[in-house]
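K.L.:
Below is the structure I would like to discuss, written out as structure tokens.
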């Protein structure tokens, strides 16, 4: 439960700290959803994603430096994601569905006309808490390709061999949420 709140409340804090500057996209899946919903150019989205991954690698390097020589070994120490043998389909579905939900909340709460305004950061962060509570037992929760790439580079092994799922599934969920958001927004506009 503590990990879920740590992720969610970190996003709340960052949303209010840098949301007005960059939209606080610290997640390529969010950026893809925003791009596909028509709120961002492809050039900007590509640059955001590059720097999101760079930031994740730097953050993971710091975490690795802190835990690699200590008593806290294993994938949890480096923050890498993973799923058990025979659970690939469940992991893919969990990551895609919960990224879909997360990105849909981002798109809805940040809508310039009907969004949550100053409460958007809180809605987004609390949604991430709920996503983590449900997904941690299945995959360790990613819903963020950058958040998985960084730790996998330092963990190696199985974390790298499973990394594709933590990139593809969140992008599938984000793309679907953008489609659903466009349909909902079009119906609302009529």
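In the numbering used here, the protein residues as written are 459 to 648.
Where is the CB? At the ideal position from N, CA and C, for every residue including glycine.
Quick caveat, the model's predicted, so the values are computed rather than measured.
1. Contact defined as beta carbons within less than 8 Å: I believe residue 491 pairs with residue 589. What is the distance between those atoms, to the nearest angstrom?
2. Hey, how far is the Cα of residue 500 from the Cα of residue 489?
3. Assess, as a yes-or-no matter, whether the segment 564-582 is touched by the segment 611-628 under the definition of 3 or more beta carbon pairs within less than 8 Å.
4. Would the beta-carbon of residue 557 fall within 7 Å of that of residue 643?
5. The alpha helix (DSSP H) with residue 590 in it runs from where to where?
6. Roughly how many angstroms lie between the CA atoms of residue 550 and residue 524, to the nearest whole one?
7. Using 8 Å for Cβ pairs, my map puts residue 559 next to residue 462. What's the rounded Cβ distance?
8. From the DSSP output, in three-state form, read off residue 498 for me.
9. Mind checking which residues open and close the alpha helix (DSSP H) that includes residue 607?
10. I'd like the span of the alpha helix (DSSP H) that includes residue 647, first residue to last.
11. Suppose contacts are defined by Cβ-Cβ distances below 7 Å. Is residue 553 in contact with residue 628 by that definition?
P.N.:
By the coordinates alone:
1. In this structure, residue 491 and residue 589 do not form a Cβ contact; the two beta carbons are roughly 14 Å apart against a cut-off of 8 Å.
2. One C-alpha to the other measures close to 10 Å.
3. Contact fails between the segment 611-628 and the segment 564-582, because fewer than three Cβ pairs, one in each stretch, are under 8 Å apart.
4. No, Cβ-Cβ distance for residue 557 and residue 643 is not below 7 Å.
5. Its alpha helix (DSSP H) spans residues 578-597.
6. Their backbone Cα atoms lie some 30 Å apart in a straight line.
7. No, residue 559 and residue 462 are not in contact; Cβ-Cβ is about 14 Å, not under 8 Å.
8. It is coil, neither helix nor strand.
9. Here the alpha helix (DSSP H) through residue 607 covers 603-613.
10. Annotation: the continuous alpha helix (DSSP H) that includes residue 647 extends over 621-647.
11. Going by C-beta atoms, residue 553 is nearer than 7 Å to residue 628.
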